[in-house]
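**Q** For what it's worth, the numbering used here labels the leading residue of the sequence shown as 680, then goes sequentially.
The beta carbon of each residue, even a glycine, is placed where N, CA and C say it ideally should be.
Quick caveat: nothing in here was measured; it's all calculated off a predicted structure.
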Amino acid sequence: MSDDAPPADNPIPVKKAVSLGRLCDVLVFLSLSCTWLGSLGRYGWPFVLLSHFRLQYVVVCSIIFLYALLRRRTWLILVSLVSILWNAQIIQDFHQTAEADAPPAGKSLRVTTFNILTQNKNQVAAVSHVMQADADIVCLLEVDESWRTALQPLRVKYPHRVEELSDGSFGIACYTRLPLKSLEVRRFTSWRLPTVVLNLDHLGRPLTFIGTHPIAPIGVQKTHSWWEQLSGLATLVSGLTGEVIVAGDFNATPWCEGMRLLREKGGLDFRSVAPVWPPTWGLNLPVMIPIDHVLLKRGLTVRKRTIGPDIGSDHRSVTVEITP
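1) Is ILE897 closer than 9 Å to VAL916 when the C-beta atoms are compared?
2) According to DSSP, which residues form a beta bridge with TYR854?
3) Where are the alpha helix (DSSP H) runs, 4 residues long or more, that stay fully inside the region 913–941, in chain order?
4) Count Cβ pairs between the region 861–879 and the region 824–836 that sit closer than 8 Å; are there 3 or more?
5) Between the alpha carbons of GLN771 and THR828, how many angstroms are there, rounded?
6) Do you know offhand how far LEU755's Cα is from PHE744's?
7) Quick check on the burial criterion: 16 or more other C-beta atoms within 10 angstroms. Buried or exposed for SER992?
8) For SER762, collect the residues of the same chain with a Cβ closer than 8 Å to its Cβ; drop the 5 residues on either side in sequence, then sort them by chain order.
9) Which runs of the alpha helix (DSSP H) fall wholly inside the region 696–747 and span at least 4 residues, in chain order?
10) Check ASN794 in the structure and name its three-state DSSP category.
11) Nearest to LYS944 by alpha carbon, out of PRO957, LEU909, GLY927, VAL952?
12) Check whether the Cβ atoms of ASN799 and ASP928 sit closer than 9 Å, and answer yes or no.
13) Under 6 Å Cβ to Cβ from GLY847, same chain only, skipping five residues before and after it: list those, please.
14) So, with DSSP's three-state summary, where would you put ASN878?
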């Protein structure tokens, strides 16, 4: 009889399997929590941040749904399925925000907004793209003094302009071929970020164009400034008569709380036949989101919406054709 004891079963693989399963459960819980906490944007900046990623939540919740099927977890199947439908419905609400049946009532007005990125090395290509878009109104964001020479073709092409190039990453420049009645630069917050207001004439009717770029809502102070600028903008728009177009980099997705405030308080809406949910920022990143928009008031409608190519910026241009 041997004194050697039989080898004991190695418990390590079991522990690893258990640990991996628990890790998956934690990731599933966090992922599902994000999709629902994102609906609490009015209660703090972390929730505002979570509210932007509805497109990603559809993908993640779909993966969780397949995982739940594989693990045969009924409750998780139901929760993930509801989460998929919840996010999909939020996105679907912005697939078409205006009727496509009625024919255009007049000549279309073309508007281009583009956050061209202060550090963009492709200045000539970016400006050439804007020139080719041939918009009636152009709103460029993140222009500073380093762009002064590159912007010269736009000064030649358009008879009216306003340029605020001294504001660094929040510089703004607007150009238009429409008759200009007056212009002003408004600053709604202590950060004093410029918002351009152009009072124009469009086919004999008054038209107000507003170009804006609020700070990104990351952290308490910046989120407060973001709210303050959107709220101030909404107050301004609510008091305007006639047609209004507001365009720019809002650092806000169509479904976030800040955009809801702007739309409801300002009387604005996307009023777009084309979907407004396709991403315009971070298209080379998994966190790509739509934050560059054109909003309308007083019966205008976006008949066509085009997202531009990659020209050295982390944003893509948005060009829309608007009709009464």
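**A** Reading it off the structure:
1) Not closer than 9 Å, so no.
2) VAL817, ARG840
3) The region 913–941 contains no whole alpha helix (DSSP H) run of 4 or more residues.
4) no
5) 42 Å
6) 7 Å
7) buried
8) Non-local C-beta neighbours of SER762 in its own chain, meaning closer than 8 Å and more than five positions away in sequence, comprise LEU711, THR714, TRP715, TYR736, CYS740, ILE743, ordered along the chain.
9) 724–729
10) Per DSSP, reduced to three states, the secondary structure at ASN794 is strand.
11) If we check each option's Cα against that of LYS944, LEU909 comes out closest.
12) no
13) Non-local beta-carbon contacts of GLY847 in its own chain, meaning distances under 6 Å to residues more than five positions away in sequence, involve ASP823 in chain order.
14) strand
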